[in-house]
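Numbering (our numbering), first residue to last: 6 to 169.
Notes to accompany the following structure.
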């Protein structure tokens, strides 16, 4: 009788522990994609820089791809644009730079731009908020474009320096 009583108590104890469990259902929250209207626009390059850049085919191709960033409507479109940007950036990296822009300042800003493209791609793959990384990528692109203006506007005449 004592064994039977202990066995019943263990059974009731095990049964009472199971009642406390809750069935958790995971509800996937709706993904909200950011509005491309809220993204900063690329800065303009001045006329002298634009004149030099118009003959650089690889840069023109990347410009066209970058402009398509402002026409994305969802995460999949952004993913396609980022993949295309990676490809165009690689082509730009191996292309022949114009003499005026074949400088470490340009190449370093291009590397930073590439870094933020890859960061945005990673955020897309892991389904993390992509708005912040996309804005950082655009800021890096604007710094890259601004460097063209800086180089064109601050051209020093080296003969004046060496003659003194």
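We put the beta carbon where it would ideally sit given N, CA and C, even for glycine.
Predicted, not measured: the structure shown is a model, and the values here were computed from it.
query                                                                                                    : result
Selection from 145, 154, 136 that minimises the alpha carbon distance to residue 42                      : 136
Boundaries (first-last residue) of the alpha helix (DSSP H) holding residue 79                           : Careful: residue 79 lies outside any alpha helix (DSSP H) and carries neither H nor E.
DSSP three-state assignment for residue 146, whether helix, strand or coil                               : helix
Rounded distance between the beta-carbons of residue 124 and residue 138, thought under 8 Å              : 5 Å
Cβ contact check for the stretch 93–102 and the stretch 140–156: 3 or more pairs under 8 Å               : no
Terminal residues of the alpha helix (DSSP H) in which residue 109 lies                                  : 109–130
Option in 72, 81, 83, 65 with minimal Cα separation from residue 54                                      : 65
Neighbourhood of residue 38 by C-beta, 7 Å cutoff - its chain only, sequence neighbours within 5 removed : 79, 80
Beta-carbon spacing of residue 122, residue 87 below 8 Å                                                 : yes
Start and end residues, alpha helix (DSSP H) containing residue 134                                      : That residue, residue 134, is in no alpha helix (DSSP H); it is neither H nor E in DSSP.
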